[in-house]
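One structure is given below, encoded as structure tokens.
Protein chains in written order, with the numbering used here: chain B, 372 to 595; chain V, -14 to 623.
Below is the structure:
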């Protein structure tokens, strides 16, 4: 297989949630001596982008997306250790703190969004679920992350997001804050003072995928 | 044209309507029935509705009375001052100018809801918490001037062997008059052999109780004869807390975000129950004070709000309830208009999300007394599952959402006249046969209807295992909507009362996939924890469980494979549990013990949860086999 065929295969493997295929092709990609980063971005991530489209068009539902994510993770595990860090290039910082807020133990949606950030090349500080509100503030300060992502799947816990946002803003007004989860609406996001929102898993996913697209664009233009 | 969001409660129907339309027109557009005798001319005053103001987190709307056109003279004529102050309007005269949340009170609702919570026969020995004793006393004389109470207590001990009785305050107040009015012959009500709760002159044998099931959506009261165990009257209503939120979580949020929220919801349910009491007693020709004992079930949030206990901590992990144990409260302390001495017994609570209602189900189905392993699924706005037998019991709760009750479904409605409740699709022609509740044209689809529709669509090859429509299917019923999404027509506009095709959309199927996937995952994880691959019997409970088609529910994969003959629907088992606790005080003690024995399992923290949930979203399942319906599944075309 030539380089183009391998990339196409990686993309298809992710889209068809064929973990074995992705693993096999990722190995071959490395064996052929190609750049791991390119394999991730032009293969795996490009495949996930198509998955996002299929999801937005309702052709894929949560189960399919989760299976695609599994396939993508399988490939990432193989390729990521071989990514060369080129210190000469200007590096986009991209650090994000993510977690499900206090009182909430649902994390499927959060994990999908986390995956998207990872694919997009962000360094993700995942605080997990049922995270005490102050922990978000501390972690943001500690890592100096540009982005904080809060997730809540219940209306009762969503209320806590407002407090976190206020606290982070008080310490560091420049941080971008995204909130998401089943009960989150545009109005809630505005009222709580968030910079963006994902109405539900689908929206958060679409947003995150858009982010990957723009990152890939930037990468192609050699900005990263 | 600008659009505004209008939400109608209690049905939960919502939509964007053009500004300037009346609430009555908006209701018609959204398929909500409002009483109208004059046809919207503003002359009959029957279409009274209430605007609930405030920011509603759950819907993301800021509902304001000022988002309606100013009050007209005809409205002022038909509304009382108290009503105007309470945000009442006439639906035919108020025009929508912004977002509003509108509550349609019971009396303004068109078309009665078919409440599927009728009372069935129970197998229970009669031993209620209260007993009546007839006693004759010697009148007080100058020679024997002992106080009334002491005189009474002596006689009760002598003739009935009752010792160390205390007297409740209202009974003490009633006593002197009752004794003299009855010529020193009285009937004494004694609660749990401990306390005199009421005294009546003469011999009164009538002993009535009220069993109450406070559902998130529906509240039912069963007026019961404690001497015979017979249900005399049943009365039900929408839970008056619905305007504060359709589900438990949004109600907890309401109480967290509104300083008076808990009090408002508490008052609403008490007022609602008083209405039920007044209706059943009127129908039975008795007085409210004839109700001497009450037994109440409800999920943990309903339980807490009913008692005016802060439900906030139920909404946050680790979701502890304020109490597990059952509790007895005086009806008068809650403001319930029963007998002033009446006691209200609330069944115990298993866990934050498995409340006294599920305990009612356990009391009624008695898994703790069986050798066989039972899987009990109680389907309501939340799904609660109990698994096990006399040796060990596990329980869990899964967020099914209201899809099974017809909410969140495009043409979903509650089980009321006009709701499609049965569906058959010919696998060859893909033609649809359906049955509608009541003598009416189709207006929407209720819970049992949507389950059958999805099962039949799957069986006819119209939808695939993963829930997607199969575009290869040739029928003009399968088409694309204005947004290019597939939908399937169940009823053509000409056959409906809303003059619109009634369809099942892809979003509807997704909602069902999530709901049934949650239930299946709950069953599967409990079975895994229990260490069994199969169960001996499946019990489907819930007001809706009675009407649900067993085969259809297995075809879509609501629960793991099982011999269909071993699947039984028991109807409203929670309400049955309340009735049993009302009739037999020993079951109360037993319930307290069992409640503490049942181990609650939190699904979302199980390491396999995500994977199981993902696989359970397919019809009937991504991997699990269903040998007992193999013949049905094998016939699916394609």
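Glycine included, C-beta positions come from ideal geometry on N, C-alpha and C.
Residue j beta carbon less than 8 angstroms from that of residue i
| i | j | result |
| --- | --- | --- |
| residue 655/V | residue 109/V | Nothing in the structure corresponds to residue 655/V, since chain V is present only between -14 and 623. |
| residue 422/V | residue 400/V | yes |
| residue 527/B | residue 46/V | no |
| residue 498/B | residue 510/B | yes |
| residue 342/V | residue 198/V | yes |
| residue 361/V | residue 563/V | no |
| residue 83/V | residue -11/V | yes |
| residue 320/B | residue 549/B | No answer is possible for residue 320/B: the residues shown for chain B start at 372 and end at 595. |
| residue 523/V | residue 555/V | no |
| residue 339/V | residue 297/V | no |
| residue 157/V | residue 278/V | no |
| residue 195/V | residue 276/V | yes |
| residue 222/V | residue 351/V | no |
| residue 287/V | residue 201/V | yes |
| residue 415/V | residue 464/V | no |
Within-8 angstroms CB hit, residue i to chain V
| i | result |
| --- | --- |
| residue 476/B | yes |
| residue 459/B | Low confidence applies here, because residue 459/B scores a pLDDT of 46, under 50, leaving its location unreliable and the question unanswered by this model. |
| residue 432/B | yes |
| residue 437/B | yes |
| residue 376/B | no |
| residue 501/B | yes |
| residue 385/B | no |
| residue 408/B | no |
| residue 557/B | yes |
| residue 525/B | yes |
| residue 429/B | yes |
| residue 324/B | For residue 324/B there is no data in the structure shown, the boundaries of chain B being 372 and 595. |
For residue i, the first and last residue of its enclosing beta strand (DSSP E)
| i | result |
| --- | --- |
| residue 407/V | 404 to 410 |
| residue 466/B | 466 to 471 |
| residue 382/V | 378 to 383 |
| residue 497/B | 494 to 497 |
| residue 520/B | 518 to 522 |
heavy atom of the ligand ADP below 7 angstroms from residue i C-beta
| i | result |
| --- | --- |
| residue 535/V | Questions concerning the ligand ADP fall outside what the structure shown contains, since it holds no ligand whatsoever. |
Residue range of the alpha helix (DSSP H) that includes residue i
| i | result |
| --- | --- |
| residue 600/V | 594 to 601 |
| residue 511/B | 504 to 514 |
| residue 286/V | 285 to 291 |
| residue 196/V | Residue 196/V -> not in any alpha helix (DSSP H); beta strand (DSSP E) instead, spanning 193 to 199. |
| residue 13/V | 8 to 14 |
| residue 183/V | Note, residue 183/V: premise wrong, no alpha helix (DSSP H); beta strand (DSSP E) at 180 to 186. |
Any chain B beta carbon closer than 8 angstroms to residue i
| i | result |
| --- | --- |
| residue 495/V | yes |
| residue 237/V | yes |
| residue 241/V | yes |
| residue 524/V | no |
| residue 624/V | The requested residue 624/V is not part of the displayed model; chain V covers only -14 to 623. |
| residue 632/V | As displayed, chain V neither begins before -14 nor continues past 623, which places residue 632/V out of reach and without an answer. |
| residue 289/V | no |
| residue 451/V | yes |
| residue 330/V | no |
| residue 442/V | no |
| residue 393/V | no |
| residue 470/V | yes |
| residue 0/V | no |
Chain-ordered neighbours of residue i on chain B, where CB pairs are closer than 9 angstroms
| i | result |
| --- | --- |
| residue 340/V | Within chain B, no residue comes near residue 340/V; the closest Cβ sits about 16 angstroms away, beyond 9 angstroms. |
Closer than 9 angstroms at the beta carbon, the chain V residues around residue i
| i | result |
| --- | --- |
| residue 529/B | 42 and 238 |
| residue 479/B | 589, 594, 595, 598 and 599 |
Contact set between residue i and chain V, taken where Cβ atoms lie within less than 7 angstroms
| i | result |
| --- | --- |
| residue 419/B | The premise fails here: residue 419/B is roughly 17 angstroms from chain V at the closest Cβ pair, so nothing lies under 7 angstroms. |
Within chain B, the residues that residue i reaches when beta carbons sit closer than 7 angstroms
| i | result |
| --- | --- |
| residue 368/V | None at all; the shortest Cβ gap to chain B is about 16 angstroms. |
| residue 302/V | 474, 475, 476 and 501 |
| residue 603/V | 434 |
Neighbouring residues, chain B, relative to residue i (Cβ below 8 angstroms)
| i | result |
| --- | --- |
| residue 498/V | 432 |
Problem set entry | At least 3 beta-carbon pairs within less than 8 angstroms: the segment 222 to 236 of chain V vs the segment 310 to 319 of chain V | no
Exercise. Is the segment 372 to 381 of chain B close to the segment 404 to 417 of chain B, with three or more CB pairs under 8 angstroms?
Worked result: yes
Exercise. Given 8 angstroms as the limit, is there contact between the segment 369 to 386 of chain V and the segment 406 to 419 of chain V, that is, 3 or more CB pairs closer than that?
Worked result: no
Problem set entry | Stretch-stretch touch, CB-based, cutoff 8 angstroms, three pairs: the segment 325 to 337 of chain V with the segment 148 to 156 of chain V | yes
Exercise. Would you call the segment 68 to 75 of chain V and the segment 28 to 45 of chain V touching, i.e. three or more CB-CB distances under 8 angstroms?
Worked result: yes
Exercise. Does the segment 158 to 167 of chain V come within contact of the segment 131 to 138 of chain V, defined as at least 3 CB pairs closer than 8 angstroms?
Worked result: yes
Exercise. Would you call the segment 437 to 449 of chain V and the segment 396 to 405 of chain B in contact, with 3 or more CB pairs under 8 angstroms?
Worked result: no
For this session: Assess, as a yes-or-no matter, whether the segment 465 to 477 of chain V is touched by the segment 504 to 519 of chain V under the definition of 3 or more beta carbon pairs within less than 8 angstroms.
Result: When Cβ pairs closer than 8 angstroms are counted between the two stretches, the segment 504 to 519 of chain V is seen not to touch the segment 465 to 477 of chain V, the count staying below three.
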